[in-house]
Amino acid sequence: MRSTQLLSILLCGGSVLASPLVKGGPVLAIRANGEFVTAQTAIEYIMPNSTSCEGATDECRTAAQAAPFLIEAMDGFSLGQIGAMLALIAVESAEMKFKHNVFPGVPGQGTSNMMSPKQFVKSYAIDKLGQAAVEGKSDADVLALVQPDEYNFGSAPWFLRTQCTKEVQDGLLGGTQAGWEAYMGCIGVPPTDDPRPKYWKAAQEIFNLNGLKASS
C-alpha cells in the first residue's frame with residue numbers, strides 16, 4: 588500500500604460529481620501533516636508561470652485548466668511520484684506552454700512530458716487509440732492524436748508506469764533525492780541540469796517531501 592494516497596476525483600463531462608472540496612477547488616492530495624492541497628495550488632507553486640496564458644499560443648494551459656486532467660491521470664500515485672511528474676512536466680513543456688518540441692523543433696516530439704516521437708509518442712498513441720489510428724501517419728500527425736488535453740496530460744503517468752522499472756517507480760514513493768535521480772535516469776537526462784532541480788525542490792516543498800516545506 589502506498590504511503591500517501593491521491594484522493595479519487597470522479598469527473599464526468601467536465602463537472603465534478605463527487606470530490607472532497609476545500610477553498611480553491613478539488614483536492615489533489617493530503618500532505619503528511621494532514622493538510623489538503625488542491626491541484627491548482629500545487630501546480631501553480633511548482634509552475635509559477637501557469638497562472639496565465641496571456642501572450643502564449645493556443646497550446647498553453649493554465650493550472651486551472653490542466654488540473655482536472657492531471658487529477659484524473661495521476662489518481663493512485665504517491666505524492667512523491669506526483670511531485671516528480673509535475674516537476675518533469677514543468678521543465679519539458681515550459682510550464683505547460685507547449686505541447687510540441689519548439690527547440691530544436693523535432694517533428695512529432697511532444698505531449699506534456701515532451702516524449703520522443705517514434706519510440707514513445709507512437710507507443711502512447713497506440714495504447715490509447717489503437718494500432719489502426721496511427722497507421723500511415725507521419726510523426727507529426729501521430730503527435731496530433733495525443734495533443735488533446737485528456738491525452739496530453741496523461742503522458743507522464745503513462746511513461747512512468749510503462750517505461751520505468753518498478754524499482755524506479757517505487758523509489759519515487761517517498762519523494763527522496765535518490766528516487767528523483769533514478770527517475771531522471773529513466774527519462775534519460777541528468778538530474779542536475781538547470782532548471783530541473785528548481786522544479787523538483789518546489790514539488791518537494793508543496794507536498795512536504797523529504798522534510799521540505801512550502802514557503803508562505
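Under our numbering, think of the first position of the sequence shown as 588, with each following residue one higher. Glycine included, C-beta positions come from ideal geometry on N, C-alpha and C.
Query: Beta-carbon separation (whole angstroms), Thr698 vs Lys709, contact threshold 8 Å; Result: At roughly 12 Å, the Cβ-Cβ gap does not stay under 8 Å, so Thr698 and Lys709 are not in contact.
Query: Inter-residue CB distance, Ala677 and Met634 (contact presumed, cutoff 8 Å); Result: 5 Å
Query: Burial state of Gly667, where buried means 16 or more other Cβ atoms lie within 10 Å; Result: buried
Query: contact_flag[the segment 735-746, the segment 651-661] where n(CB pairs < 8 Å) is 3 or more; Result: yes
Query: Cβ-Cβ distance between Ser805 and Leu799 below 9 Å; Result: With the chain covering 588 to 803 only, the question about residue 805 has no answer from this structure.
Query: Where Thr644 falls, given that 16 or more other Cβ within 10 Å makes a residue buried; Result: exposed
Query: Residues sharing a beta bridge with Gly697, DSSP; Result: His687 and Met702
Query: Buried versus exposed, by CB contacts within 10 Å (16 or more), Ser637; Result: buried
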